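Going from the sequence shown to this note's numbering is simple: count from 1 and add 1271.
Structure, as structure tokens:
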Amino acid sequence: MINFSKLIFWGLLLALVGAAGMVQAEMANRIVAVVNNEIITWMDLEGALKGLPPGMDFRNPEVQKQVLFQLIDQKLLEIQSKKLGLQVGKEEVTAALTRIRQDQGLGRDEDFAAALTRQGISEEDLRRRIHDQILRFRLVSREVGSKIIFSEERIRDYYQKNVEKFGGVERIHLAQIVITASEAPDREAARARIEALKARLDQGEDFKQLAKTAAQDPAGAQSGELGVFEINEIDPSLKETVVSLKPGQVSPVQPIEQGWRIVKLLEREKTERLTLEQAREKIQEQLYQEEMEARYGQWLQKLRERSSIQILL
């Protein structure tokens, strides 16, 4: 015998489930902005919010508005690109993706897949972002970059004001051994220990090996390696020590706040300063980038002003 009460119950339940699904669909398709008759939905905004850096609260209304403004600008660029007939082919996106994988050392498919997983995006998402970036660059280059011209006077002025950027800089490659006071009963005991190490170096023992086995400072794990520095960037007391050293030479024992150290000059090089003509291309690239950033904001603001934008969030 048919139980009509159960049929009614399940019918009501299915109706409620269906209604909930319709509400979710309506929410996802809800229009949050209209840009020149083209819409941005809540689903679009939600997808962009998911890409926010960790720590940002995507539920915060102000954060949602900021991301929506970014989507509006993106939509404006898309509309303008269509108006000008600008396109990006699949082969361009593939070539750009290949370069990115090579630059990031992700040649193997499994490494690439793992990187995508860490970033929380799919390859399709990445390709779409690359496509949008290429299209944006093409649009901005046409609308803004093509109008940028530099006078000879401005190029010369930039060179004279930034001449230190174009070489003539002395760089030094350093290594060190440090013995801290915490590694000995007291500061003088630490000094006695490092003096013994200095004596072994003077007798011809290998600096790297001695640094690795005898030193307890963080650099010891890299055989005393400190790195390469511009001479004018290092501490004045260290500069005074190494300025008289020749490559391969070791400094006397030096006091430092945490104990004592020995420094070795591994290499010294001084780059030749580029002439104006040699630096011209770099200067033009730098000026172009600076001017592009300044003019892009102005151009985008004018594009907003002459467009119809409705925010419905």
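Positions of the beta carbon are idealized from the N, C-alpha and C atoms, including for glycine.
Keep in mind that this is a model prediction, so the values were computed, not measured.
Checklist entry - Can you tell me whether DSSP reads residue 1447 as helix, strand or coil? => result Locating residue 1447 in the sequence shown gives position 176, where the first residue counts as 1. If DSSP states are grouped into helix, strand and coil, residue 1447 belongs with the strands.
Checklist entry - So, is residue 1323 buried or exposed, given that buried needs 16 or more other C-beta atoms within 10 angstroms? => result Translated into the one-based positions of the sequence shown, residue 1323 becomes position 52. With fewer than 16 Cβ atoms within 10 Å of its Cβ, residue 1323 is classed as exposed.
Checklist entry - With burial defined as no fewer than 16 other Cβ atoms inside 10 Å of the residue's Cβ, what is the status of residue 1408: buried or exposed? => result Locating residue 1408 in the sequence shown gives position 137, counting from the first residue. Exposed, by the Cβ-count rule.
Next on the checklist: Tell me the residue span of the beta strand (DSSP E) that contains residue 1306.
Outcome noted: Walking along the sequence shown from the start, residue 1306 turns up at place 35. Element bounds for residue 1306: 1302 to 1306.
Checklist entry - At what residues does the alpha helix (DSSP H) containing residue 1364 begin and finish? => result Position 93 of the sequence shown holds residue 1364. Segment 1361 to 1374, the alpha helix (DSSP H) holding residue 1364.
Next on the checklist: For residue 1519 and residue 1481, I'd like the C-alpha separation in whole angstroms.
Outcome noted: For the purposes of this step, residue 1519 is identified with residue 248 of the sequence shown, where counting begins at 1. For the purposes of this step, residue 1481 is identified with residue 210 of the sequence shown, where counting begins at 1. Roughly 15 Å separates the two Cα atoms.
Next on the checklist: Could you check whether the region 1545 to 1564 touches the region 1458 to 1472, counting it as contact only if at least three pairs of C-beta atoms, one from each stretch, sit closer than 8 Å?
Outcome noted: With the cut-off at 8 Å, the region 1545 to 1564 and the region 1458 to 1472 do not touch.
Next on the checklist: Using the three-state DSSP reduction, which class does residue 1518 fall into: helix, strand or coil?
Outcome noted: For the purposes of this step, residue 1518 is identified with residue 247 of the sequence shown, where counting begins at 1. Correct three-state label for residue 1518: coil.
Checklist entry - Contact between the region 1393 to 1405 and the region 1535 to 1552: three or more CB pairs below 8 Å? => result no
Checklist entry - Helix, strand or coil for residue 1512 per DSSP? => result Within the sequence shown, the letter at position 241 stands for residue 1512. In the structure shown, residue 1512 sits in a helix (DSSP, three-state: H, G or I).
Checklist entry - Exposed or buried, which one is residue 1421 when buried takes at least 16 other CB atoms within 10 Å? => result Taking the sequence shown and counting its residues from 1, one reaches residue 1421 at position 150. Per the 10 Å Cβ criterion, exposed.
Checklist entry - Between residue 1547 and the rest of its own chain, which residues show a CB-CB distance below 7 Å, the 5 nearest in sequence each way excluded? => result Residue 1547 sits at position 276 when you count from the first residue of the sequence shown. So the list reads 1427 and 1430, once near-sequence residues are dropped.
Checklist entry - Is it true that the CB of residue 1483 sits closer than 7 Å to the CB of residue 1533? => result As a first step, residue 1533 must be located in the sequence shown, where it is residue number 262. As a first step, residue 1483 must be located in the sequence shown, where it is residue number 212. Their beta carbons are not under 7 Å apart, which means residue 1533 does not touch residue 1483 by this criterion.
Item to check | Beta-carbon proximity list for residue 1493, same chain, < 7 Å, skipping 5 on both sides | outcome: As a first step, residue 1493 must be located in the sequence shown, where it is residue number 222. Caution applies to residue 1493, whose pLDDT of 47 falls short of 50 and renders its modelled position unreliable; the value that the coordinates give is listed next. For residue 1493, where only same-chain residues beyond five positions count, there are no Cβ hits under 7 Å.
Checklist entry - Secondary structure at residue 1501, three-state DSSP: helix, strand or coil? => result Position 230 of the sequence shown, counted from the start, is the residue given in the question as residue 1501. DSSP places residue 1501 in strand when its eight states are reduced to three.
Checklist entry - For residue 1475, which of 1521, 1511, 1415 and 1362 has the nearest alpha-carbon? => result As a position in the sequence shown, residue 1475 is number 204, starting the count at 1. Selection 1521, 1511, 1415 and 1362 evaluated against residue 1475 yields 1521 as nearest (Cα-Cα).
Item to check | Among 1318, 1438, 1401 and 1448, nearest to residue 1543 - alpha-carbon criterion | outcome: Within the sequence shown, the letter at position 272 stands for residue 1543. Looking at the Cα atoms, 1438 is the closest of the given residues.
Checklist entry - Helix, strand or coil: which one does DSSP assign to residue 1581? => result Looking up residue 1581 in the sequence shown gives position 310. Correct three-state label for residue 1581: strand.
Checklist entry - DSSP three-state call for residue 1440: helix, strand or coil? => result Stepping through the sequence shown from its first residue, residue 1440 is reached at position 169. In this structure, residue 1440 counts as coil in the three-state DSSP scheme.
Next on the checklist: Report the CB separation of residue 1443 from residue 1500 in whole angstroms; it is logged as a contact under 8 Å.
Outcome noted: As a position in the sequence shown, residue 1443 is number 172, starting the count at 1. As a position in the sequence shown, residue 1500 is number 229, starting the count at 1. About 6 Å separates the two Cβ atoms, so the contact holds.
Next on the checklist: Considering only DSSP beta bridges, list what residue 1530 is partnered with.
Outcome noted: Taking the first residue of the sequence shown as 1, we reach residue 1530 at position 259. According to DSSP, residue 1530 bridges with 1451 and 1527.
Next on the checklist: Please list the terminal residues of the continuous alpha helix (DSSP H) segment that includes residue 1542.
Outcome noted: In the sequence shown, the residue the question calls residue 1542 occupies position 271. Per DSSP, residue 1542 belongs to no alpha helix (DSSP H) and is neither H nor E.
Checklist entry - Can you tell me the Cα-Cα spacing of residue 1524 and residue 1477, whole angstroms? => result By one-based count along the sequence shown, residue 1524 stands at place 253. By one-based count along the sequence shown, residue 1477 stands at place 206. Rounded to whole angstroms, the gap between the alpha carbons of residue 1524 and residue 1477 is 17 Å.
Next on the checklist: Can you give me the C-alpha to C-alpha distance between residue 1341 and residue 1528, rounded to a whole angstrom?
Outcome noted: Indexing the sequence shown from 1 puts residue 1341 at position 70. Indexing the sequence shown from 1 puts residue 1528 at position 257. Approximately 50 Å between the Cα atoms of the pair.
Next on the checklist: Considering just the uninterrupted stretch of the alpha helix (DSSP H) at residue 1381, what are its terminal residues?
Outcome noted: If you number the sequence shown from 1, residue 1381 lands on position 110. 1380 to 1390 is the extent of the alpha helix (DSSP H) around residue 1381.
Item to check | Close beta carbons around residue 1398, own chain, < 7 Å, minus the five adjacent residues each side | outcome: The residue you call residue 1398 lines up with position 127 of the sequence shown. Counting only Cβ-Cβ distances below 7 Å, and skipping sequence neighbours, we find 1364 and 1368.
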